[in-house]
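Read the sequence shown against my numbering and you will find it ends at 893, with the numbers running on by one and no gaps.
Just so it is clear, CB atoms sit at the ideal spot from N, CA and C, and this is done for glycine as well.
For reference, the structure discussed in these notes is given below.
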Amino acid sequence: MRSAVSNRGPSLAMSVAVAAVAAAALLSPGDGRAALWPDAPDKIKADLASPDVSRRRAAAADLVNVPRKEAIPLVAKALGDSDLEVRLAAIVVAARIRMTEAGDRIIPWLTDPSPALREAACEFFAKLPDPRLVKVLARSLGDTDPRVRLAAVRALGASGSADAVAPLLARLDDSNSKVRLSVARALARLGDKRAVTPLVSKVQDEASEVRQAVVRTLGELGDPKASAALVIALRDQALEVRIEALSALGRLRAADAVASIAPLAIEPSKKAGAADVRRAALAALGRIGTGAAVDAIVKTFGLYEDASPGTGSSPAREAAVSAGAAATPTLLAALEGEGGGAAASPTGGFSAGATTSGASSSASSAAWSLGEIRAPGAGLAIAKAMRRGLVPLPVGLHALASLGDSGQLPVCLEHVAAPDRAVRVEALAATAKLLDPDQPDGRAVEPLLASLDVAQTPEDRAEIAALLGRTGAARVAPVLVGLTAAKDERLRVSAIDALGTLGAPAGGKTLVKLLDDPSATVRLRAAIALGRAGGPDVVHPTIALLSAAQADRLAVALAVGGLLERHGDAQGIAAARDATTTAGTERDLLLVAIGRAKGGVGVGALGALLTSGAGGANDLDGRRTIALALGARVGDAAALPLVVGLAADADPSVRAQAAWSLGAVATSAEMPLATSLLHDPASAVAANAAASLGRIVARHPALTAPKELCAALDDERPYVRANALTALRTIVTAGRADTCDGARERRLLADDPNEVVRAAAARLLARHASAKPEKADAKESDLVTKARAALERCTLGDPSGAVASVCRESSLGAVAPSQAMEAGTGALVVFVAPDDGGAPIPRTAYAIERPDGFLHVGNADRRGAVVELLLGKGALRLRVASPPIGTADSL
């Protein structure tokens with residue numbers, strides 16, 4: 003099970019979440035390999051020298067579980083074994099650990115009498131490409147065994163060499179359809195437009211799966227000359243080929259094909275798969291995005307799948323959104339059109355009863371699309387259509403929420419107490435979207451207070467209370483304080499949360515009292531709110547509760563973290579430090595609270611604790627937590643020597659947290675230290691060091707991407723590769739170039755067995771693809787073109803739907819990479835628990851994927867928690883702590 007946890011923004015106080023992870027993941031050893039005895043490599047070495055072939059075969063099979071450094075000489079020995087099965091097992095491991103030095107030894111296998119060995123050699127070079135071998139591999143294309151030819155095609159496609167195009171084109175007429183299909187895919191991967199004309203002749207191949215692959219490749223190669231052949235493919239007998247042809251025309255943005263595509267989006271058909279064809283046709287029109295294409299899309303509003311989508315999406319709506327800002331004029335015209343739908347309200351007000359047929363359905367989809375496009379100025383038009391009854395209120399309110407135009411807040415407030423539940427739900431959601439606590443908006447206070455008095459259900463009252471907190475208006479604090487005494491716990495909790503969101507210290511004393519409430523939920527939420535909103539007057543009374551006999555010490559510790567960060571003084575920090583000597587399992591939360599404390603006093607307190615008390619030589623948990631807590635001290639020179647010292651700790655779990663914290667405190671002088679940690683044998687240390695290298699470079703404008711990050715893309719440990727990719731993305735986002743050539747990143751996206759790595763590669767390539775080729779030199783333009791093509795191939799062909807979705811969003815620019823890298827000041831306490839509902843597991847290994855894309859790897863504290871610091875907006879996701887090398891971790 004994977005658990006995603008939302009962090010709603012850069013709040014100064016800690017929030018709490020419980021993330022679940024499969025028990026098997028909690029028990030997996032260091033790098034996800036099967037557990038081995040310390041002397042296992044010696045035993046394997048001895049067995050590989052045994053005259054007993056069965057022992058040598060078993061030893062070769064065990065090589066996969068040996069760490070790379072120890073495995074390399076053993077694999078080298080096994081590659082020279084006289085037994086075929088031993089050599090085959092060894093070559094698989096050689097590819098898996100990226101043992102490039104084995105290549106020269108494997109080249110002769112390409113002509114070995116054994117077909118299995120020839121195939122294995124080709125597969126090795128498919129995984130570890132070597133452009134120098136194109137001519138040698140080309141000869142394997144004539145092999146008598148089709149499995150060898152297939153592997154040779156894959157290797158040539160992975161080579162990235164333009165010299166591979168000609169020999170691959172010669173195999174387009176191979177007698178084996180699987181080989182022909184693989185040739186088409188390899189040509190797509192090479193991205194050479196010389197292949198277009200020969201491929202056009204294969205659009206009518208006898209095998210439908212080959213025709214489908216050829217059509218896809220023509221779309222990926224991006225040459226408009228293929229448009230005519232793809233239009234012909236729209237009449238193919240195979241449904242899959244027709245759909246692929248539509249997708250390819252969309253990728254080509256073939257404006258000349260709109261007339262051929264449009265009828266497929268609107269004409270009814272009794273053929274199987276008609277709905278799939280309509281969906282593909284609409285998607286193609288959306289990508290083409292010309293005026294004629296948008297007109298064709300709008301004509302489908304209200305038909306088939308768009309007949310009654312309500313506030314949800316439909317293929318037609320998604321196509322309009324895909325067309326982007328260019329669709330705005332046509333959508334506005336559809337929104338304002340006469341006819342169809344319910345009549346306008348005679349009073350000029352809003353009508354909740356608009357139908358979803360005729361003009362009303364068209365207007366509804368137009369409004370929905372305008373909202374998703376965030377079309378400037380569309381808010382007034384949508385509100386007008388709502389008043390005229392052309393757009394049902396739920397749809398219009400949903401569109402206004404998506405639009406994000408705070409000027410339409412009064413329209414939403416009119417309906418937060420509407421008698422129709424569907425209207426209320428959308429109005430409340432839209433109001434929440436348009437209210438920003440960081441920008442107080444007093445306009446909402448009176449309407450919300452009035453709605454609170456007439457709210458129809460406890461749920462509505464709770465939502466309205468939450469909205470009062472989002473107004474940012476201090477005058478609502480007394481109302482919220484009063485609601486904390488309500489009988490309904492949902493309303494109490496909502497009012498408590500609202501006080502935290504509001505940030506007004508007026509509710510501080512009430513929140514302190516609620517730390518003693520009989521309800522654990524109330525105590526927890528009051529602690530979080532108190533950390534966010536409590537004033538200086540409640541700091542010491544809250545810390546004093548740590549010594550109370552009946553106090554909920556966890557809740558108090560959570561509140562102290564936020565209070566010290568916002569109002570910490572020497573006396574409060576000293577009190578928290580003293581409490582660590584008597585605290586139980588919440589001691590680690592207090593250590594983090596001291597590290598986050600305002601000013602520099604907390605750093606000195608942590609330094610003292612490292613020499614005596616919590617964090618001393620005999621307190622491993624304390625040292626690990628202090629190493630983490632120091633990561634809150636961004637650019638703090640006083641924290642730096644402590645982090646550097648902890649980076650040399652004998653325990654890898656301490657080094658891992660120190661390696662992570664280096665990213666916040668290090669200067670350019672610590673780059674060599676971070677680089678050395680990148681090579682630490684503990685995967686958690688190396689993964690965190692990769693992240694820190696990117697964070698350090700991004701914080702210091704004079705630095706450039708170190709070449710070691712590019713080298714780390716070949717590391718055998720998946721999370722090191724993933725963090726290296728994200729580090730490079732961080733550096734590029736900061737306005738500096740990375741030092742890689744793009745080929746490695748594309749290879750990882752295409753071939754890496756780990757889904758997290760492939761997703762990280764997609765996000766980095768999105769940065770490359772976002773550049774303007776016309777403003778770049780020839781080299782940069784080539785990088786942009788290849789990045790876009792790689793993302794297209796991933797969208798269409800990645801075996802993981804989650805990765806394909808990331809590639810699609812990246813290729814369409816749906817997620818702005820610069821926003822995705824946004825840092826923050828928020829903190830979230832994550833309790834790492836098994837997915838069977840059990841209690842959090844102390845000291846268990848974890849890997850948390852953060853909103854900025856980095857994986858923070860380490861061990862939970864003595865309570866089974868980890869405090870994730872410096873968070874921006876977005877979701878956190880718990881990953882498998884140590885994914886097996888060479889295997890997948892699902893997104």
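On a CA-only basis, which of the options is nearest residue i? Give me that one, please.
i      : options                           : result
Gly826 : Glu870, Ala457 and Asp278         : Glu870
Ala752 : Arg719, Pro801 and Ser772         : Pro801
Val233 : Ala250, Lys180 and Val605         : Ala250
Gly536 : Leu547, Leu430, Arg100 and Leu565 : Leu565
Val393 : Gly379, Pro270 and Leu372         : Leu372
Glu811 : Leu830, Val786, Ser772 and Pro842 : Ser772
Ala693 : Leu705, Pro703, Leu680 and Ala684 : Leu680
Leu547 : Gly275, Val562 and Ala452         : Val562
Ala553 : Ala578, Gly533 and Asp519         : Asp519
Pro69  : Lys79, Ala80, Pro853 and Arg98    : Arg98
Thr313 : Ala157, Val397 and Gly304         : Val397
Val734 : Ala551, Pro703, Val808 and Leu241 : Pro703
Gly637 : Val667, Gly624 and Ser614         : Val667
Does the separation of the CB atoms of residue i and residue j fall below 8 Å?
i      : j      : result
Val868 : Val834 : yes
Leu183 : Gly221 : no
Asp165 : Val136 : yes
Leu608 : Leu632 : yes
Val594 : Arg635 : no
Val478 : Thr512 : no
Leu793 : Ala762 : no
Asp921 : Leu622 : Because the chain spans 3 through 893 in this model, residue 921 falls outside it and cannot be assessed.
Leu644 : Leu612 : yes
Ser315 : Gly288 : no
Gly855 : Thr728 : yes
Ile466 : Ala475 : no
Glu588 : Arg555 : yes
Arg149 : Leu119 : no
Measuring from the CB of residue i, is there a heavy atom of the ligand PLP at a distance below 7 Å?
i      : result
Arg156 : The ligand PLP is absent from the structure shown, which contains no ligands of any kind.
Quick check on residue i: buried or exposed, where buried means 16 or more other Cβ atoms within 10 Å of its Cβ?
i      : result
Gln206 : exposed
Val558 : buried
Asn620 : exposed
Lys272 : exposed
Gly162 : buried
Gln214 : buried
Leu880 : buried
Gln441 : exposed
Gln659 : buried
Asp2   : Residue 2 falls outside the range modelled here, since the chain spans only 3 to 893, and no answer is possible.
Tell me, please, whether the CB atom of residue i is closer than 8 Å to any CB atom in chain B?
i      : result
Leu871 : No chain B is present in this structure, which holds just one protein chain.
Using C-beta distances below 6 Å, list every residue in its chain close to residue i, excluding the 5 sequence neighbours before and after it, in chain order.
i      : result
Val540 : Gly510 and Val514
His417 : Val425 and Ala429
Ala528 : Ile498, Leu513, Leu516 and Leu517
Ala420 : Arg426
Ala140 : Pro169
Given residue i, which residues of its chain have a CB within under 7 Å of its CB, disregarding the five upstream and five downstream residues?
i      : result
Ala286 : Leu248, Ser249, Leu251, Gly252 and Ile263
Ala27  : Any reading at Ala27 must be qualified, since the residue scores a pLDDT of 38, below 50, and its modelled position is unreliable; the value itself is stated next. The residues are Val882 and Ala883.
Thr503 : Pro439, Gly471 and Arg472
Arg100 : Leu130, Asp716 and Glu718
Arg445 : Leu411 and Pro412
Pro460 : Asp490, Arg492 and Leu493
Gly744 : His770, Leu785, Lys788 and Ala789
Ala172 : none
Gly401 : In the sequence as displayed, the identity of residue 401 is Ala instead of Gly. Result list for Ala401: Ala369, Trp370, Leu372, Gly373 and Ile384, in chain order.
Lys47  : Leu76
So, at 8 Å on beta carbons, what are the nonlocal neighbours of residue i in its own chain, with the 5 sequence-adjacent residues on each side left out?
i      : result
Gly193 : Glu222, Leu223, Thr787, Lys788 and Ala791
Thr332 : Gly293, Val296, Asp297 and Val300
*Any chance you could list the alpha helix (DSSP H) runs of at least 4 consecutive residues sitting entirely within the stretch 392-453, in chain order?*
Listed in chain order, they are 395-405, 411-415 and 423-436.
*Note down, one range per segment and in chain order, each alpha helix (DSSP H) of at least 4 residues found wholly within the stretch 277-302.*
If we require 4 residues or more, the alpha helix (DSSP H) runs fully inside the stretch 277-302 come out as 293-300.
*Length at least 4, wholly inside the stretch 785-820: the alpha helix (DSSP H) runs in chain order*: If we require 4 residues or more, the alpha helix (DSSP H) runs fully inside the stretch 785-820 come out as 803-814.
_alpha helix (DSSP H) runs wholly inside the stretch 185-222, at least 4 long, in chain order_ = The stretch 185-222 contains these whole alpha helix (DSSP H) runs: 198-202.
*asked:* Just to confirm the assignment: which complete alpha helix (DSSP H) runs, minimum length 4, are found wholly within the stretch 114-197?
replied: Counting whole runs of 4 or more residues, the stretch 114-197 contains the alpha helix (DSSP H) stretches 117-129, 136-142, 148-161, 167-171 and 179-192.
_For a minimum of 3 consecutive residues, which ranges assigned as the beta strand (DSSP E) are wholly contained in the stretch 670-718?_
Taken in chain order, the whole beta strand (DSSP E) runs of length 3 or more contained in the stretch 670-718 number zero.
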